[in-house]
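Chains as they are written, first to last, in full-length UniProt numbering: chain A, 1 to 349; chain H, 1 to 349; chain P, 1 to 349; chain C, 1 to 349. For every residue, glycine included, the Cβ atom is placed at its ideal position computed from N, Cα and C. Since the model is a prediction, treat every value here as computed from it, not as a measurement. Okay, so here's the structure we're looking at.
Number of protein chains: 4
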Amino acid sequence: MIFSSDNWTGASSRVAEALLVAAGGHAPAYGADPVTQEVTAALSRFFEREVAAFFVATGTAANALALAHVSRPGGVVFCHSHAHIAADEAGAPEFLTGGARLAGIEGPGGKLVPEALGAAIARYPAEFVFHGQPMAVSISQLTEAGTAYAPEEIAALAAVALEAGLPLHMDGARFANAVAGLGCRPADVTWRAGVDMLSLGATKNGCFAAEAVVFFDPEKANGFEFQRKRAGHVFSKGRFVAAQFAAWLADDHWLDLARHANAAARALADGIERSQSARLALRPAGNEVFACLSVETHRRLQSAGARYYDWPAPALGVAEPDAGEVLVRLVTSFRTEDAEIEQFLGLLD
Amino acid sequence: MIFSSDNWTGASSRVAEALLVAAGGHAPAYGADPVTQEVTAALSRFFEREVAAFFVATGTAANALALAHVSRPGGVVFCHSHAHIAADEAGAPEFLTGGARLAGIEGPGGKLVPEALGAAIARYPAEFVFHGQPMAVSISQLTEAGTAYAPEEIAALAAVALEAGLPLHMDGARFANAVAGLGCRPADVTWRAGVDMLSLGATKNGCFAAEAVVFFDPEKANGFEFQRKRAGHVFSKGRFVAAQFAAWLADDHWLDLARHANAAARALADGIERSQSARLALRPAGNEVFACLSVETHRRLQSAGARYYDWPAPALGVAEPDAGEVLVRLVTSFRTEDAEIEQFLGLLD
Amino acid sequence: MIFSSDNWTGASSRVAEALLVAAGGHAPAYGADPVTQEVTAALSRFFEREVAAFFVATGTAANALALAHVSRPGGVVFCHSHAHIAADEAGAPEFLTGGARLAGIEGPGGKLVPEALGAAIARYPAEFVFHGQPMAVSISQLTEAGTAYAPEEIAALAAVALEAGLPLHMDGARFANAVAGLGCRPADVTWRAGVDMLSLGATKNGCFAAEAVVFFDPEKANGFEFQRKRAGHVFSKGRFVAAQFAAWLADDHWLDLARHANAAARALADGIERSQSARLALRPAGNEVFACLSVETHRRLQSAGARYYDWPAPALGVAEPDAGEVLVRLVTSFRTEDAEIEQFLGLLD
Amino acid sequence: MIFSSDNWTGASSRVAEALLVAAGGHAPAYGADPVTQEVTAALSRFFEREVAAFFVATGTAANALALAHVSRPGGVVFCHSHAHIAADEAGAPEFLTGGARLAGIEGPGGKLVPEALGAAIARYPAEFVFHGQPMAVSISQLTEAGTAYAPEEIAALAAVALEAGLPLHMDGARFANAVAGLGCRPADVTWRAGVDMLSLGATKNGCFAAEAVVFFDPEKANGFEFQRKRAGHVFSKGRFVAAQFAAWLADDHWLDLARHANAAARALADGIERSQSARLALRPAGNEVFACLSVETHRRLQSAGARYYDWPAPALGVAEPDAGEVLVRLVTSFRTEDAEIEQFLGLLD
């Protein structure tokens, strides 16, 4: 019963085997190898347009470097108050951008809404140097509350960003789960909806360590090479990240992995909805389930070895748990087994 | 005949198998897993004292973050003029330290010598704020010229650093090759000789991506966790780096790999010494051979498919090649085969 | 009727004459002159203990460099949500600290209260690297709402900061007005109450440009010289700033200037309280009056040439103006004349 | 006999009186005052084209912020090895640019020459990310050796910079002395010769503290406002810097001041040339005289109260002083008196 996080799970066997194959022989370093070239082409097919993609070590690096690339002096990034960049990256966006400020905006279910975004940007009038200057909008897909933006929701935010002349960045640490949940195409929730830059995370969805910064207009990636290198994020044996992405992309393996995880989350959510001792805080869009458990149930689960985190309600932006309840986050993965879910649900009343 | 660089070579089968094993199951993220704990203990045994170790994505990150940890405003790092940090990291040390300056010092065979180091430091008198302030000394082992510092050479530099109150950092991208070449223990060329921080590179010597910042006084590592996180260098599935290090350290696998590479380099060097159309620029201490080839020989090798880089003589700090010669760098790896060497030497006159 | 800001006002004639005198002759540059030495001694008398003081160009620089001096990677500064550092310095604290985050805390009348401060700090548990780490607490005296912290209020905040191991910084852009308003000694609201670093502003209170970072423990100022120099804040003809401070400190000139401004603010406030068409938003503690004017009155004043800014209510942290009202800020200075106040009040109903 | 530096000298009486006048009344803050507007127009007349100008506190700030404005990740600035930015600004350019590297280039008499500049830039091929990327060329006028670039020398360097797509910055801490010495117009050695940005220093030539960053293409100044503000360099009472510049520019006051200083330097140089116990190291182009004194003469001058600095020969880039000689720098100012020079020369043999 491991529901702590999808980054607790190892790597899929297809990804692991691909890495094993890649371990042989020799290949040019620093991304000049053929596998890296192939993956760039595969990503362009994945997104149905030519993209520029750069591997980095972590999702935090992907987010912070994407923002650094569009940084301006006194720059302000607009994001949800509880976005990962604002809450869980120890100041990496601030540091790697050279001091940008993250302006947190409240929003229901972890999502930004256009009105609030517009109002926040309006607090930084162009001629008023003292407040700093807007530089980017960043949203997460899945959000930190496990919800997903529909294409039209993204398009509405993109319109606000475009109006203000700001690039739109998407933190896609669980991008595959979002796409699988929405049943759309990757393009639908990225460039077709107005996203300029994506932190594409494959690590949580079956890889060892495979994160990429994707630019949907390759011209706008000019100079990013230096941004990445000077932060120490150019792997010398870059083909090993490429090999992971290659296996992840091939034969829609990413989609199979994400669907598995999402189905497990739905099964958990369904069981919780039927239960007397637990209730859903939000209907999951991907592989994260937020639920209020009675304290008694919570203790019973923990004693039985279930692993998951309790979650501060304000960080989620949903209603507070009642007295006698605890809000928890349950994350499923490509490796979650039916037996785990059955065991978990069997411990509810 | 691949002598381009040891980062062109894949991963050793033991390392690859260890990663395959680690791909299964679940484990706590962000370095809280048991494998990471075991590797820290293994590194303490490796160095014969308790150390603090932090995995990062690249050698550039290891170097720059170690220096960032000891950074001061207006800080100056003393290193060889052709050190990797000064020549090949696209300003990562300057960026991640928040603007430190690298004061390059010339020295024979890629090495700093104590007199020159002392003289360079003396140009920054403590009371003279305009020049900035010394903050660290950094040396490479192997050096960029493929030479190795003997323990007593390091101790002499460490004495100069200590006198000036400066920490001594070592860039150990090819640390294993240096130790294998010197026939000493890892401790002999690190803390026993006065080194405070080591960038320990395992990537070039058989791993996929396994780099660590090692502090020989764990107390001095306080706060480094934040330094690393805010640069985006905390792998979420940290156990995969740990698994590589575990396999690399076990049964002296690192030493076997390094000895293989070094023996290949010696064989190349011996053959070059016997040749009429090539001569050694420096006797190799590890797995890098710098040699002057006649232009004709160089062309013949290239036509036959030999891969290696020509190398600017000033960057090496050795004598200029004669007219009609080209200076080249040949790097061997744990996977270099006898047949490659024989084929290469067979193409010399 | 100039009530826009005290930085619209020129310089006092004593300060101006001192500068004229200092313009003659020659003196050592970069703060090695006798006037600078004398001012440091005068500041130690002013604060009734030995201090270290460093002149910088602006209050923004003083604030940001003081915070930079105590910066840590992933560092978080706790301040009021509407503190000048958070709202009006275009990211200077973030930039000069190398990426610190400002955690804004709400509080009545522009003040932090201990409970809220403690709760905010508690959100950054020491072992949880993802959130970053606390690095400082910063308060303003006068606050941005024109209120002043009593010595015991500061001591209570200092106790919270001390408990968390954090230095306490004070933005004293209107420090003289606060001290004059409280009728206390400068020491009472600084080091005696637990303040570690003060941005001491003399510019708004009668100088051309005279700001200093004051350390109440001179040992803790070690290295600040470099912090200041590398940000371009060491005046070459430093004695000219010193001369301003010298005149400002001599014969309690600072206190006379501040008392004049404060008395003018009180007179404005008294008149507003008596008026039918205006009401005080807060009772002024120094030289800033926040008031709600009827829109009609506001228009009448503007037509008559009164200069002041309307002020967003949320930024002040006081009650919203009613419909038909506008919240405004009126700032008096050492040069505000009785006639201006009479004219202004005469335009109220 | 004060020849230490021109920043030891106070302010000219015209400048001081202008400041006294400006001290009265009220005016909009942060550069929105009429004096600032007038000075911008006056600077456009001074340079014979429309310019954008921004006041900052120090020459170091002007240099570093100009470079920050054109900064790129992994950026490299090409300058003379002994340029002020490289030798005397405690890492301010590195810090305020977010980690740029200064690539020092040797050159006779403190000057860059086109061949060496081109060769240095060529070491950073565009496709080679490891070295970083060129971002700017910076020259000093006067140079650190007291020499001046003729218009055609600047044009030749500008052609190299333009070819490489790099902006050309000029550190004009002693710009007035250079222009006076060359007998040209300010435009001749700036935009007409290809200079893009100038750090215009008036402090050393008669002001209290008056430095400006001048952009010769105002469009290229977009966003600089934020660059300056976030470094704490926007004076709130900006009109006081403007008032200094206004007086300095009016009636060619700057030129009178510079000519006086230059004439004093020439008189010193002429006397030294006639002397037996001293010899010129370089013929002065402005108000700095570098000379080799016999040790005996040096001691005699010091005993008699002459103030000046000995200067390390390598920093100057001129021939080493002979044994028994000491190389010194003598700086004259707008206030240097004939009697001082006569007294000094009278102490030579």
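Taking residue i as the reference, give the member of the options with the closest Cα.
| i | options | result |
| --- | --- | --- |
| H:LEU182 | H:GLY146, H:CYS79, H:VAL241, H:ALA269 | H:GLY146 |
| C:ARG329 | C:GLN276, C:LEU166, C:VAL214, C:HIS298 | C:HIS298 |
| P:HIS84 | P:LEU268, P:LEU301, P:THR60, P:ARG230 | P:THR60 |
| A:ALA100 | C:PHE226, C:PHE46, C:ALA116 | C:PHE226 |
| P:HIS26 | C:PRO73, C:THR336, C:GLY24, C:GLY346 | C:THR336 |
| A:GLN343 | A:ASP310, A:GLU115, A:GLN302, A:ALA281 | A:GLN302 |
| C:ARG228 | C:ALA57, C:GLN37, C:SER4 | C:ALA57 |
| P:ASP33 | C:THR9, C:GLU50, C:ASN222 | C:THR9 |
| A:LEU65 | A:ALA136, A:LEU117, A:GLY74 | A:ALA136 |
| P:ALA150 | P:ALA178, P:LEU162, P:VAL160, P:ALA126 | P:ALA178 |
| C:LYS111 | C:GLY75, C:ALA156, C:ASN262 | C:ALA156 |
| residue 362 of chain C | C:ASN222, C:LEU257, C:SER275, C:LEU96 | Outside the displayed range of chain C (1 to 349) lies residue 362 of chain C, so it cannot be described from this structure. |
| P:ARG72 | P:SER140, P:TRP191, P:PRO93, P:ALA304 | P:PRO93 |
| P:ALA267 | P:ARG283, P:GLN276, P:HIS253, P:LEU255 | P:ARG283 |
| C:ALA246 | C:SER4, C:GLU50, C:PHE55 | C:PHE55 |
Use the C-beta contact count for residue i: other C-beta atoms within 10 angstroms, 16 or more gives buried, fewer gives exposed.
| i | result |
| --- | --- |
| C:TYR30 | buried |
| A:TYR308 | buried |
| A:ALA323 | exposed |
| H:PHE128 | exposed |
| P:GLN133 | buried |
| A:GLY91 | buried |
| A:GLN37 | exposed |
| C:PRO186 | buried |
| P:PRO312 | exposed |
| A:ASP88 | buried |
Give me whichever residues DSSP pairs with residue i in a beta bridge.
| i | result |
| --- | --- |
| P:THR9 | C:HIS26 |
| H:PRO134 | H:VAL76 |
| C:ASP310 | C:VAL328 |
| P:MET170 | P:ILE139, P:LEU198 |
| C:GLU289 | This sequence places Val at residue 289 of chain C; Glu is not what is there. Answer is C:LEU330. |
| H:VAL56 | H:GLU211 |
| C:ARG101 | C:VAL76 |
| C:LEU280 | C:ALA291 |
| C:ILE121 | Its beta-bridge partners do not exist; DSSP assigns none. |
| C:ILE154 | None, per the DSSP bridge assignment. |
| C:ILE2 | C:ARG307 |
Using a Cβ-Cβ cut-off of less than 7 Å, list which residues of the region 219-243 of chain A approach chain C; keep chain order. GLY223, GLU225, PHE226, GLN227, LYS229, ARG230
For the region 122-153 of chain C, which residues have a beta carbon sitting closer than 9 Å to at least one beta carbon of chain A? VAL129, PHE130, GLY132, GLN133
Residues within the region 91-111 of chain H neighbouring chain C, beta-carbon criterion of under 9 Å: GLY91, ALA92, PRO93, GLU94, PHE95, LEU96, THR97, GLY98, GLY99, ALA100, ARG101, LEU102
At a CB distance below 7 Å, what residues from the region 58-82 of chain A approach chain C? Give them in sequence order. ARG72, PRO73, GLY74
Mind checking the region 8-34 of chain C against chain P and listing, in chain order, the residues whose C-beta falls within less than 9 Å of any C-beta there? TRP8, THR9, GLY10, ALA11, SER12, SER13, VAL15, ALA16, GLU17, LEU19, LEU20, ALA22, ALA23, GLY24, GLY25, HIS26, ALA27, PRO28, ALA29, TYR30, ASP33
Looking at chain C, which residues of the region 191-212 of chain P have a Cβ within less than 8 Å of any of its Cβ atoms? THR203, LYS204, PHE208, ALA209
Segments assigned beta strand (DSSP E), at least 3 residues, entirely inside the region 208-261 of chain H: 211-215
According to a CB-to-CB cut-off of less than 9 Å, which residues of the region 300-333 of chain P neighbour chain A? PRO312
Give the residues from the region 35-60 of chain H that approach chain A closer than 9 Å (Cβ to any Cβ), ordered along the chain. VAL56, ALA57, THR58, GLY59, THR60
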